[in-house]
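S.K.:
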Amino acid sequence: YWAALGGPVACVSKVELRVACKALLDRDTLNKSDPCVILMVQNQGQWTELDRTEVIKSNLHPVFAKVFTLDYYFEEAQKLRFEVYDIHGTHSIGTRDDDFLGGVECTLGQVHAEEISGNNGYVELFFCAKKLDDKDLFSKSDPFLEIYRINDDGTEQLVHRTEVIKNNLNPVWEPFKVSLISLCSCDEDRKLKCLVWDYDSRGKHDFIGEFYATFREMQKIGSGSKVTWDCMNPKYKLKKKNYKNSGVVILSDLKLHRVYSFLDYIMGGCQIHFTVAIDFTASNGDPRNSCSLHYINPYQPNEYLKALIAVGEICQDYDSDKRFSALGFGARIPPNYEVSIILFKIQGVVEAYQNCLPKIQLYGPTNVSPIISRIAKLSAGEETIKDASRYHILLILTDGVVTDMADTREAIVRASYQPLSIIIVGVGNADFTDMQILDGDDGVLRSPKGEPVLRDIVQFVPFRDFKTASPAALAKCVLAEVPNQVVEYYSHKAICPMPPVPSCDSPTSLANTPTESLPAVGPTA
1 YWAALGGPVA CVSKVELRVA CKALLDRDTL NKSDPCVILM VQNQGQWTEL DRTEVIKSNL
61 HPVFAKVFTL DYYFEEAQKL RFEVYDIHGT HSIGTRDDDF LGGVECTLGQ VHAEEISGNN
121 GYVELFFCAK KLDDKDLFSK SDPFLEIYRI NDDGTEQLVH RTEVIKNNLN PVWEPFKVSL
181 ISLCSCDEDR KLKCLVWDYD SRGKHDFIGE FYATFREMQK IGSGSKVTWD CMNPKYKLKK
241 KNYKNSGVVI LSDLKLHRVY SFLDYIMGGC QIHFTVAIDF TASNGDPRNS CSLHYINPYQ
301 PNEYLKALIA VGEICQDYDS DKRFSALGFG ARIPPNYEVS IILFKIQGVV EAYQNCLPKI
361 QLYGPTNVSP IISRIAKLSA GEETIKDASR YHILLILTDG VVTDMADTRE AIVRASYQPL
421 SIIIVGVGNA DFTDMQILDG DDGVLRSPKG EPVLRDIVQF VPFRDFKTAS PAALAKCVLA
481 EVPNQVVEYY SHKAICPMPP VPSCDSPTSL ANTPTESLPA VGPTA
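In the UniProt record's numbering, the protein residues as written are 1 to 525.
#1: Using only the alpha-carbon positions, how far apart do LEU70 and HIS160 sit?
#2: Where does ALA469 fall in DSSP's three states?
#3: Can you round the beta-carbon distance between GLY330 and THR281 to whole angstroms, since I take them to be within the 8 angstroms contact cut?
#4: Rounded to whole angstroms, what is the Cα-Cα separation between PRO365 and SER283?
#5: Can you give the Cα-Cα distance for CYS496 and LYS204, rounded to whole angstroms?
#6: Is the beta carbon of GLN316 closer than 8 angstroms to that of ARG390?
#7: Considering Cα atoms alone, identify which of ASP387, ASP439, GLU174 and PRO448 is closest to VAL487.
#8: For the beta strand (DSSP E) containing ALA23, list its first residue and its last residue.
#9: Under 8 angstroms between the Cβ atoms of LEU251 and LEU158?
#10: Sort ALA310, VAL402 and ILE296 by Cα distance to ASN355 and report the nearest one.
#11: Run the CB neighbour count on GLY224, radius 10 Å, all protein chains shown included, and call it buried at 16 or more, exposed below.
#12: ARG18 by DSSP, collapsed to three states: which one?
#13: Report back the beta-carbon spacing between LEU101 and PRO35 to the nearest angstrom; my notes put them in contact at under 8 angstroms.
#14: Candidates GLY428, ARG202, GLU16 and ASP153: which alpha carbon is nearest CYS291's?
#15: What's the gap between the Cα of THR398 and the Cα of GLU146?
#16: For the segment 290 to 370, which segments carrying the beta strand (DSSP E) assignment without a break, of at least 3 residues, lie completely within its bounds, in sequence order?
#17: Taking 7 angstroms as the cut-off, is the beta-carbon of TYR353 closer than that to any non-hydrogen atom of the ligand SAM?
#18: Report yes if the C-beta distance between LYS81 and TRP47 is below 8 angstroms; otherwise report no.
#19: Could you work out which residue in VAL67, VAL349 and GLU54 is closest to LYS306 when comparing CA atoms only?
#20: Whole angstroms is fine: what's the gap from VAL84's alpha carbon to LEU60's?
#21: For ALA480, which of helix, strand or coil comes out of DSSP?
#22: Buried or exposed for residue 526, going by 16 or more other Cβ atoms inside 10 Å?
#23: In its own chain, which residues sit with a C-beta less than 7 angstroms from the C-beta of LEU256, not counting the 5 before and 5 after it?
#24: Taking the straight line between their C-alpha atoms, what separation do you get for LYS57 and VAL413?
#25: I'd like the span of the alpha helix (DSSP H) that includes MET405, first residue to last.
#26: Ordered along the chain, which non-local residues of its own chain (more than five positions away) have a Cβ less than 6 angstroms from that of LEU25?
#27: Taking the alpha-carbon positions, what's the PHE64 to PHE262 distance?
#28: Rounded to a whole number of angstroms, what is the C-alpha to C-alpha distance between LEU108 and GLY45?
#29: According to DSSP, ASN43 sits in a beta bridge with which residue or residues?
#30: Straight-line CA distance for GLU16 to GLU451?
#31: Kindly identify the DSSP beta-bridge partner or partners of PRO462.
#32: Report all residues from its chain with a CB closer than 7 angstroms to the CB of ASP264; omit the five preceding and five following residues, and keep chain order.
#33: Is GLY440 close to chain C, meaning its C-beta is less than 8 angstroms from at least one C-beta of that chain?
#34: With H, G and I counted as helix, E and B as strand and the rest as coil, what does DSSP make of HIS61?
#35: My understanding is that SER369 touches ASP407, with C-beta atoms under 8 angstroms, so please give their C-beta distance in whole angstroms.
#36: Identify the continuous alpha helix (DSSP H) that holds GLU217 and give its terminal residues.
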């Protein structure tokens, strides 16, 4: 993502952290400590919990299966704190009932982490086993499977630990998903060490057997066929003359999922349809007055025009016909208060905006929920096509907090299910604190009834933060989240990109559908 006040300042990568401990303090009398690690991050001087590992019973040298995922910023000293607790209860971790074993602070730059950005796939694996050795006297083994990746330096990295299947020598473990970079560093021939254990509640798990595999071997699974490995116990192999194995581990199914990028969808011909909605309420001031936010200065564009041009000029390159829907809200058009919908190219929208100001009466209220609902309804029509051919961006330019906040929240929750992103730019010097609620960056946006958005589709930015910045800086900031929002929508719908569109001299050849005329939204202009 790029966000700036004059240039690129943040390129975000995702990194994965895995945690292990050695020689922890033993706080228990009869058994060993039951450790859990809490990861804290520092934000504005305050430590807050990011995530926590599972609890590992009776183990002073735990290797945790939990993977921490966080953003990495090269230009920031990202402070981390790892706190280790000996857990005594099953409720909240880190309470006074639990023993604090110790903690350590560091920066993300000091940690050996794996970057997962750029990885374009993950795999879902289905494992089971048959005829495992019975390690228990009065019942059957309680098996679980661990998979380790063998690194270039010979070290072993835990990739996944399955759940425990109680009292079963023929376990069928739950399928699990793992990224290819985590599993094998995207190297199909990298060795994977797989261990099968009989679970012990005191942490003294009994070794059943092991086998080695590669991702290339796993992919040999075909329709109706399975991949099997002998689960071998090296000690038994040496001691027992007729030893065959300690059971068989079976890969019964493998599903390879590709994670598509924004460019995959764009190269496949996905069109980005852009709609702008402009605030024509009376709080903007009389357009004839130089203090008005709508005042047309012959020498310099006002804030509405600056925001419109900065964002529109980027979006037009992703729509083959470059025709935008332009509408306004909060204005009266004498004498019949009619609704006017305008379809023009970006420069046409600017001219239409300038030409309509002398002809309308700025009024109110600042209701944006009807606009969001109408564009969401329009974008909902794309669902019937069932391909990744069209996505919508709604740019709302307003000078104040919306007056229909509850209805707006409801409309956004409904719109989060559609191929739509919403950008809101606050123009002027009003207090936009309440508008930050719509952004969802500080928490999940919910409807008045408590229903959460399916995905975060709103980006709010006060224009005053970019007054002295270049137009490109504003465009980069407000459009930064759109690529991920596009990918999230189509991924949720399990819609793959269309095949790449061949190059052509005529830019209009990429058009998939004609531009629609928007229905009336009142009271709007």
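Just so you know, even glycine gets a beta-carbon here, dropped at the ideal spot from N, CA and C.
M.R.: In short, the structure shows the following:
#1: Here residue 70 corresponds to residue number 70 of the sequence shown, with the count starting at 1. Here residue 160 corresponds to residue number 160 of the sequence shown, with the count starting at 1. Taking the straight line from one Cα to the other gives about 19 angstroms.
#2: Residue mapping note: residue 469 aligns to position 469 of the sequence shown, counting from 1. Note: ALA469 maps to coil in three-state DSSP.
#3: The count along the sequence shown starts at 1 and reaches residue 330 at position 330. The count along the sequence shown starts at 1 and reaches residue 281 at position 281. That pair is a contact at about 4 angstroms.
#4: As a position in the sequence shown, residue 365 is number 365, starting the count at 1. As a position in the sequence shown, residue 283 is number 283, starting the count at 1. Rounded to the nearest angstrom, the gap between the Cα atoms of PRO365 and SER283 is 9 angstroms.
#5: In the sequence shown, counting from the first residue as 1, residue 496 sits at position 496. In the sequence shown, counting from the first residue as 1, residue 204 sits at position 204. When rounded, the distance between both Cα atoms is 47 angstroms.
#6: By 1-based counting over the sequence shown, the position of residue 390 is 390. By 1-based counting over the sequence shown, the position of residue 316 is 316. Not closer than 8 angstroms, so no.
#7: Working through the sequence shown from its first residue, we reach residue 487 at position 487. The residue with the shortest Cα to Cα distance from VAL487 is ASP387.
#8: Your numbering for residue 23 matches position 23 in the sequence shown. If you look at ALA23, you'll find it isn't in any beta strand (DSSP E); DSSP assigns it neither H nor E.
#9: Taking the first residue of the sequence shown as position 1, residue 251 is located at position 251. Taking the first residue of the sequence shown as position 1, residue 158 is located at position 158. No, they are not a contact pair.
#10: Along the sequence shown, read from residue 1 onward, the residue named residue 355 stands at position 355. For ASN355, the closest alpha carbon among the candidates ALA310, VAL402 and ILE296 is that of ILE296.
#11: For the purposes of this step, residue 224 is identified with residue 224 of the sequence shown, where counting begins at 1. Residue environment for GLY224: exposed (fewer than 16 other C-beta atoms within 10 angstroms of its C-beta).
#12: Here residue 18 refers to the residue found at position 18 of the sequence shown. In this structure, ARG18 counts as strand in the three-state DSSP scheme.
#13: By one-based count along the sequence shown, residue 101 stands at place 101. By one-based count along the sequence shown, residue 35 stands at place 35. Between LEU101 and PRO35, the beta carbon gap of about 7 angstroms places them in contact (Cβ cut-off 8 angstroms).
#14: Your numbering for residue 291 matches position 291 in the sequence shown. The shortest Cα separation from CYS291 among GLY428, ARG202, GLU16 and ASP153 belongs to GLY428.
#15: Within the sequence shown, residue 398 is the residue found at index 398, counting from 1. Within the sequence shown, residue 146 is the residue found at index 146, counting from 1. Their backbone Cα atoms lie some 55 angstroms apart in a straight line.
#16: Runs of the beta strand (DSSP E) spanning 3 or more residues and lying entirely within the segment 290 to 370 occur at 324 to 329 and 342 to 344, in chain order.
#17: This structure lacks the ligand SAM, and indeed carries no ligand of any kind.
#18: In the sequence shown, the residue the question calls residue 81 occupies position 81. In the sequence shown, the residue the question calls residue 47 occupies position 47. The sequence given here has Arg at residue 81, not Lys. Their beta carbons are under 8 angstroms apart, which means ARG81 touches TRP47 by this criterion.
#19: In the sequence shown, residue 306 corresponds to position 306, counting from 1. That would be VAL349, whose Cα lies nearest to the Cα of LYS306.
#20: Counting from one through the sequence shown, the residue named residue 84 turns up at place 84. Counting from one through the sequence shown, the residue named residue 60 turns up at place 60. Going by the C-alpha atoms only, they are around 11 angstroms apart.
#21: Locating residue 480 in the sequence shown gives position 480, counting from the first residue. Residue state, collapsed to three classes: coil.
#22: Absent from the model: residue 526. The displayed extent of the chain is 1 to 525, so no value can be given.
#23: What you label residue 256 is simply residue 256 of the sequence shown in a count that begins at 1. The beta carbon of LEU256 sits closer than 7 angstroms to the beta carbons of GLY121 and VAL123 from its chain, once the five residues preceding and following it are set aside; these are given in chain order.
#24: As a working mapping, residue 57 is identified with position 57 in the sequence shown. As a working mapping, residue 413 is identified with position 413 in the sequence shown. Rounded to whole angstroms, LYS57 to VAL413 spans 42 angstroms at the Cα level.
#25: Your numbering for residue 405 matches position 405 in the sequence shown. Boundaries of the alpha helix (DSSP H) around MET405: 405 to 415.
#26: Position 25 of the sequence shown, counted from the first residue, corresponds to residue 25. The beta carbon of LEU25 is closer than 6 angstroms to those of LEU101 in its chain, skipping five residues each way along the sequence.
#27: As a position in the sequence shown, residue 64 is number 64, starting the count at 1. As a position in the sequence shown, residue 262 is number 262, starting the count at 1. Rounded to the nearest angstrom, the two C-alpha atoms are 33 angstroms apart.
#28: Counted from its first residue, the sequence shown places residue 108 at position 108. Counted from its first residue, the sequence shown places residue 45 at position 45. So the alpha carbons of these two residues sit roughly 16 angstroms apart.
#29: For this step, residue 43 is matched to residue 43 along the sequence shown. Paired residues: GLN46.
#30: Looking up residue 16 in the sequence shown gives position 16. Looking up residue 451 in the sequence shown gives position 451. Their Cα atoms are separated by approximately 30 angstroms.
#31: Residue numbering aside, residue 462 sits at position 462 when the sequence shown is read from its first letter. Beta bridge pairing from DSSP links PRO462 with GLY426.
#32: Reading the sequence shown from its first residue, position 264 is the one you call residue 264. Once the five neighbours on either side are set aside, the close Cβ partners of ASP264 are PRO497.
#33: Of the protein chains in the structure, only one exists, and it is not chain C.
#34: On the sequence shown, position 61 is the one that residue 61 refers to. Collapsing the DSSP output to three states places HIS61 in coil.
#35: As a first step, residue 369 must be located in the sequence shown, where it is residue number 369. As a first step, residue 407 must be located in the sequence shown, where it is residue number 407. For SER369 against ASP407, the beta-carbon gap comes to about 4 angstroms, under 8 angstroms, which counts as contact.
#36: Reading the sequence shown from its first residue, position 217 is the one you call residue 217. Here the alpha helix (DSSP H) through GLU217 covers 215 to 218.
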